[in-house]
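In the working numbering, the protein residues as written are 3 to 295.
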């Protein structure tokens, strides 16, 4: 039966932080923490001091923790070699595991969302007879700018404020974005989009295809550097997806990866078994492993 643990029974504490840090636990920049004052903060020292009665305290970048959580869920025979985990949520993060060890470099290894790519995102902005007038326009930005949930909100805002999109105001996402103040919440639209996409609505499906291409670009670049044995995709992106749509999404990433590289080779891309919970689980596993040393 479940019971509350006494503090004396806790062997270790693991904490994930959404920012890159060096080996000493000092944040290299504010990343998703939202204020530049976080840069230079000694997270390791501060959090160890907060949990001073606990013998083992592990502080890790949250995407690295997620990668380790995903790694721990793999069958034992798949835990060797190079494993890349990417989390697609409000941002795009990632972690690199080599033979069971997290690779941090000087602290920023795995900051995959910052990798610059060039795409034509407006080609995916279409619905029925409508298509963005900027369809052929190339855009150079980061993977995060094309693939994250935050980017999806911006994309929806750009589409729904386009004057040429007026005839489409009965779009099923429109109601999802209405607020009590008669305004529009594009983040609410983004949250509803997975459900609408699974119903086969064209625009929503196209925006998922945009994310597939962005991740395909990312995985192709990583493959040319370290050719991972396994690519893992996780984060909030799968929260409302059924197994069929999830499989289609993973297949789309794989096809874009192979198209980018132009090689006849099958890459092992899988969905995270933990999804958005991978970082919490991974931080706990890092604390567990540290307590056993």
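Think of the CB as a built atom: it goes at the ideal place given N, C-alpha and C, for glycine as much as any other residue.
Note that this is a predicted model, so its numbers are computed, not measured.
C-alpha gap between residue i and residue j, whole angstroms
| i | j | result |
| --- | --- | --- |
| residue 167 | residue 52 | 53 Å |
| residue 74 | residue 95 | 18 Å |
| residue 248 | residue 200 | 10 Å |
| residue 2 | residue 50 | Past the edges of the chain, shown from 3 to 295, lies residue 2, and the structure says nothing about it. |
| residue 206 | residue 231 | 31 Å |
| residue 159 | residue 165 | 12 Å |
| residue 108 | residue 172 | 50 Å |
Residue i - partner residues in DSSP beta bridges
| i | result |
| --- | --- |
| residue 29 | 23 |
| residue 296 | Lying before the first or after the last residue shown, residue 296 is absent from the chain, which here runs from 3 to 295. |
| residue 272 | 234 |
| residue 86 | 98, 233 |
| residue 143 | 119 |
| residue 151 | None; residue 151 has no bridge partner. |
| residue 186 | 180 |
| residue 44 | 28 |
Burial state of residue i, where buried means 16 or more other Cβ atoms lie within 10 Å
| i | result |
| --- | --- |
| residue 251 | buried |
| residue 26 | exposed |
| residue 264 | exposed |
| residue 266 | exposed |
| residue 66 | buried |
| residue 213 | buried |
| residue 229 | exposed |
| residue 236 | buried |
| residue 181 | exposed |
| residue 270 | exposed |
| residue 72 | buried |
Three-state secondary structure (DSSP) of residue i
| i | result |
| --- | --- |
| residue 133 | strand |
| residue 205 | helix |
| residue 230 | coil |
| residue 177 | helix |
| residue 236 | strand |
| residue 100 | strand |
| residue 114 | helix |
| residue 163 | coil |
| residue 92 | coil |
| residue 156 | helix |
| residue 105 | coil |
| residue 172 | coil |
| residue 128 | strand |
| residue 215 | helix |
| residue 72 | helix |
CB contact check: residue i to chain C, cutoff 7 Å
| i | result |
| --- | --- |
| residue 239 | This model lacks chain C altogether; it includes just one protein chain. |
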